[in-house]
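In our numbering, the protein residues as written are 238 to 811.
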């Protein structure tokens, strides 16, 4: 059977790509080996193999000229040698943090390893903060199941973790009679995907939900369970709560190998030494396939898909919902939801993201083409849907960013114990809607651990994390009271986002080590406003120097060697 299927895949790849590829099927996964002419050919071959539904995964070992090799970091210390934990989680993005918090309900010793100097730096930091409804995913996939379950869990999760969360809804409007009829089919589709029953709105109801729509729009469908929050704050809250319940976090710690014995996990090799464990949770995002390979169970390949997003100034707020039209679904990338207009919890409008396959997992560059693509696609639609509102022009943009998604060729989540290595649990291929799925993914891993390990449940688990209220949300009486208690509250460091010195000082002494400018930005929003740090950057650096005792020349933008300053330019400075 495997031989026949291998020949069929080989033939399909040769026919469609003109490339001769060696195809092997092992343990119901397909392995593609050989050399091809280009990066695009590796992708095409991978997607062809993935189209065979009987296979559980695709491993691409195809090589091409100009391919960039992955260079793994070298060992820097032995400080973790001799440590032992019941569970080791690789990756401290929102998924790893959610899993850590969920597993801290057990009487287990748990360590989280993160390669960066802060948590939530890769996919999480480049997330648009949207809690997707399930109808945007393919029903029957694990991605869909986690999406619809996870979405419903956010009211409880955000209440426990004290994270601001709003359900603003997705509004799909009809622009003609044909599209009005399509709304009823969409209504059935949403219900079939197990989202809460949506609402078909007439013109009067539309004006209450989304004022200023064009006069030709008479009907729309409101999928009300769409939510928005800050992915930074959620990840930090998850990890803070996990730490308060006994989890240990190790930053700047990359996994470089996994030691197994008799097909059982025994230890994890890292750049900071060797940690003993019998349970390894692979939530490594963009490098999850490499961790699987270290452990001897690689049955999937991560191919990075970059997405760019535009952020507009807070003064430009043309919509209250995630606004969509049927025309936005035309000519979209089959492996993307297509992007759109997404308000943020902090009051900015986002446009995007794009979806572009890239060679490098670290490719987070934003190109002129990305910005042009987004503006050319969405600005005319917005102008048509809301013609009386000012045009979304370039002068209203305050920043843009891009991130890489950890896609597999099967385009579905992988959340399961290894079929080959006891103690290895895969949590891989988590791309959009990973944020919306995070609570359900964590719950699924909890059940796997309960079945695999049978640990005792912790009676003293505390699910509550209290948020430090930002200065920008305080009323006049609170500001007066706080300033009398501590004068640092009255010293505003970031004018755009109204961030006080005290808020920055607090995060510098938090449970999660913070030393970089971007780490402070993710926690306080200092530098996220209109001037993008033009005013507050020197002041933030001065506070880091004072509180951490770091020389300003050693302060980084985002960890590693991203130094902001080179050397002093004035003699006699201290």
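For glycine and all other residues, C-beta sits at the position ideal for the given N, C-alpha and C.
Please list, in chain order, all residues of the same chain as residue i whose beta carbon is under 6 angstroms from its beta carbon, the five residues on each side excluded.
i           : result
residue 793 : 753, 799, 800
residue 256 : 273, 278
residue 352 : 491
residue 601 : 639, 640
residue 847 : Residue 847 cannot be examined here, being either before or after the span of the chain that is shown, 238 to 811.
residue 786 : none
residue 615 : 588
What whole-angstrom Cβ distance do residue i and residue j have, given they're in contact under 8 angstroms?
i           : j           : result
residue 728 : residue 644 : About 45 angstroms; that fails the 8 angstroms criterion.
residue 779 : residue 734 : Incorrect: roughly 18 angstroms between the Cβ atoms, too far for contact.
residue 335 : residue 475 : 5 angstroms
residue 454 : residue 410 : 5 angstroms
residue 332 : residue 671 : 6 angstroms
residue 544 : residue 640 : 6 angstroms
residue 692 : residue 344 : 6 angstroms
residue 319 : residue 515 : Actually they do not touch by this definition, with Cβ atoms about 16 angstroms apart.
residue 283 : residue 646 : 4 angstroms
residue 494 : residue 506 : 4 angstroms
Going by C-alpha distance, which of the options is nearest residue i?
i           : options            : result
residue 491 : 350, 258, 640      : 350
residue 354 : 734, 306, 398, 330 : 330
residue 767 : 723, 425, 564, 552 : 552
residue 804 : 314, 410, 679, 790 : 790
residue 587 : 367, 404, 250, 429 : 367
residue 631 : 499, 646, 613, 296 : 613
residue 337 : 473, 424, 459      : 473
residue 774 : 785, 731, 739, 749 : 731
residue 433 : 386, 542, 486, 470 : 386
residue 679 : 494, 518, 537, 788 : 518
residue 392 : 384, 403, 382, 593 : 403
residue 511 : 348, 261, 258      : 348
residue 796 : 441, 657, 758, 769 : 758
residue 582 : 467, 339, 698, 721 : 467
Hey, could you find the ends of the beta strand (DSSP E) residue i is sitting in?
i           : result
residue 540 : 539 to 549
residue 271 : 266 to 272
residue 300 : 294 to 300
residue 466 : 464 to 466
residue 562 : 559 to 562
residue 617 : Residue 617 -> not in any beta strand (DSSP E); alpha helix (DSSP H) instead, spanning 605 to 622.
residue 325 : 324 to 327
Return the first residue and the last residue of the alpha helix (DSSP H) that residue i is part of.
i           : result
residue 531 : 525 to 532
residue 387 : 379 to 398
residue 677 : 671 to 690
residue 425 : 414 to 429
residue 402 : Looking at the DSSP string, residue 402 is not in any alpha helix (DSSP H); the run it does join, the beta strand (DSSP E), is 402 to 404.
residue 305 : Here residue 305 belongs to no alpha helix (DSSP H), and DSSP marks it neither H nor E.
residue 783 : 774 to 785
residue 245 : 239 to 254
residue 648 : First-last for residue 648: undefined, no H or E at that position.
residue 754 : 754 to 761
residue 283 : 276 to 287
Within a Cβ cutoff of 7 angstroms, which residues of the same chain sit near residue i, ignoring the five residues on either side of it in sequence?
i           : result
residue 811 : Because residue 811 sits at a pLDDT of 49, beneath the cut-off of 50, its placement in the model cannot be relied upon, and the following sentence gives the value as read from the coordinates. None.
residue 412 : 453, 454, 562
residue 685 : 654, 662
residue 416 : 563
residue 249 : 285
residue 407 : 370, 460, 463, 558, 559, 561
residue 240 : none
residue 703 : 399
What does DSSP give as the partner residues of residue i in its beta bridges?
i           : result
residue 729 : 737
residue 499 : DSSP lists no partner for residue 499.
residue 663 : 519, 653
residue 637 : 547
residue 261 : 268
residue 459 : 408, 436
residue 506 : 494, 511
residue 896 : A question about residue 896 goes unanswered here, because the residues of the chain that appear run from 238 up to 811.
residue 367 : 465
residue 488 : Beta-bridge pairing links residue 488 to no other residue.
residue 793 : 800
residue 577 : 589
residue 347 : 324
residue 594 : 542
residue 694 : 343
Distance cutoff 8 angstroms, beta carbons only. Does residue i sit that close to anything in chain D?
i           : result
residue 752 : In the displayed structure, chain D is absent; only one protein chain is listed.
Quick one: residues in its chain with C-beta nearer than 8 angstroms to the C-beta of residue i, no 5 flanking neighbours on either side, listed in chain order?
i           : result
residue 555 : 449, 578, 586, 619, 623, 626, 627, 629
residue 316 : 509, 510
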